[in-house]
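So the working numbering is basically just the index in the sequence shown, starting at one, shifted up by 36.
Every residue, glycine too, gets a C-beta built ideally from N, C-alpha and C.
Just so we're clear, the structure is a prediction, and the values are computed from it rather than from any experiment.
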Amino acid sequence: MDIRQLRYFIVIAEEKQISAAAKKLYMSQPPLSQQLKNMEASLGEQLFERSGKFLELTEAGKTLYKYALQITQMMEEAKNEVADVGGGVDGRLAVGINTFSLGNLNEVFHQYRSMYPKIKYKIQQNESSLLCYLLKQREIEMAIVRLPLEIDEFTLQHLHSEPFYVITSKEKKLFTGDATLEEVSRYPLVLPSIEGLGVYYSIHEAFSKAKIQPEIIAEFSDLKLMMELVSTDFGVSIVPESLLHLYKEYPVHIHKIADSEQLSGDIGLIWLKDHRLSKAAQNFIDVLTANIDKGNIGLI
Numbered sequence: 037m038d039i040r041q042l043r044y045f046i047v048i049a050e051e052k053q054i055s056a057a058a059k060k061l062y063m064s065q066p067p068l069s070q071q072l073k074n075m076e077a078s079l080g081e082q083l084f085e086r087s088g089k090f091l092e093l094t095e096a097g098k099t100l101y102k103y104a105l106q107i108t109q110m111m112e113e114a115k116n117e118v119a120d121v122g123g124g125v126d127g128r129l130a131v132g133i134n135t136f137s138l139g140n141l142n143e144v145f146h147q148y149r150s151m152y153p154k155i156k157y158k159i160q161q162n163e164s165s166l167l168c169y170l171l172k173q174r175e176i177e178m179a180i181v182r183l184p185l186e187i188d189e190f191t192l193q194h195l196h197s198e199p200f201y202v203i204t205s206k207e208k209k210l211f212t213g214d215a216t217l218e219e220v221s222r223y224p225l226v227l228p229s230i231e232g233l234g235v236y237y238s239i240h241e242a243f244s245k246a247k248i249q250p251e252i253i254a255e256f257s258d259l260k261l262m263m264e265l266v267s268t269d270f271g272v273s274i275v276p277e278s279l280l281h282l283y284k285e286y287p288v289h290i291h292k293i294a295d296s297e298q299l300s301g302d303i304g305l306i307w308l309k310d311h312r313l314s315k316a317a318q319n320f321i322d323v324l325t326a327n328i329d330k331g332n333i334g335l336i
């Protein structure tokens, strides 16, 4: 049994008819039927059973189908990796980005595109847990995520630790300089609350370690609405630096957190363990980390 037979088998399984599979493979039906017979003979198992006009996988066939997909995918990755050894000047960059992860990412993409103009892009923006799922499904190759996060199945490269800030309405200046968590807790607090981001957990953990019980009046998954309400004096919020990049248009006072050692957010890059990143992905990491090292990322 070879890779060509596995590809034939996958098409037959998906088309459910030898004739339809042969048409899709641009070959005649008799040799395809013979290839299937050869596979079943070498395995000593029947892979399909007839159900009316269609072929259905047997239990043995279902098992082979699962592994056939993995094997052909690995072969495709091997071919792609060999093909892009020349420098990653062509191909595709498939990357996931957390809902808010790093500021000024647009500059990184512009710089990368100027260096590798032939690259095509697939960019998925979502919360970290869903990005992990897309990585497992190989919909994307790597993802920029917020920590903490369950990453047992992934390789992690730490990118950046960003500070958090207290933001208040321009209508009222509640703090003259840096604000402590104790001072912040005296005001109604609204928090960004998106499961999987790690932001909500980090803020709660900081208050818990300081043995402070804040008055949380609202939690928002809609960050735009939260910023609108904070800017109109609905409440005070604590946000990571990257969120301020995304919502620069809202008129708010920004204050550093004085006890910032208790509250910071880690951002990392993850990809599947035992997976060799494509040259296009490696080049993107080089551009990204160079910008972080120069301080071009994550500054308000």
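*Going by the beta-carbon positions, is the gap between Thr-204 and Leu-210 smaller than 8 Å?*
yes
*So what does DSSP say about Met-63, is it helix, strand or coil?*
coil
*Pick from Leu-192, Thr-99, Glu-251, Leu-225 that is closest to Gly-304, judged by C-alpha positions*: Leu-192
*May I have a chain-ordered list of the beta strand (DSSP E) segments no shorter than 3 residues that lie completely inside the stretch 55 to 110?*
84 to 87, 90 to 93
*Cβ pair Tyr-338, Ile-46 closer than 8 Å*: The displayed coordinates of the chain run from 37 to 336. Any statement about residue 338 would go beyond what the structure contains.
*Check whether the stretch 175 to 186 touches the stretch 312 to 320, taking contact to mean three or more Cβ pairs, one atom from each stretch, closer than 8 Å.*
yes
*Look at Pro-199 and Ser-300 and say whether their C-beta atoms are less than 8 Å apart.*
yes
*Nearest to Asp-214 by CA position, among Pro-224, Lys-292, Asp-322, is which residue?*
Lys-292
*Answer yes or no: do Leu-324 and Val-144 have a C-beta to C-beta separation smaller than 8 Å?*
yes
*Are there 16 or more other CB atoms within 10 angstroms of the CB of Phe-320, so buried, or fewer, so exposed?*
buried
*asked:* Just to confirm, is the Cβ distance from Val-220 to Val-272 under 8 Å?
replied: yes
*Count the C-beta pairs between the stretch 126 to 140 and the stretch 149 to 161 that are closer than 8 Å, then say yes if the count reaches three, no if not.*
yes
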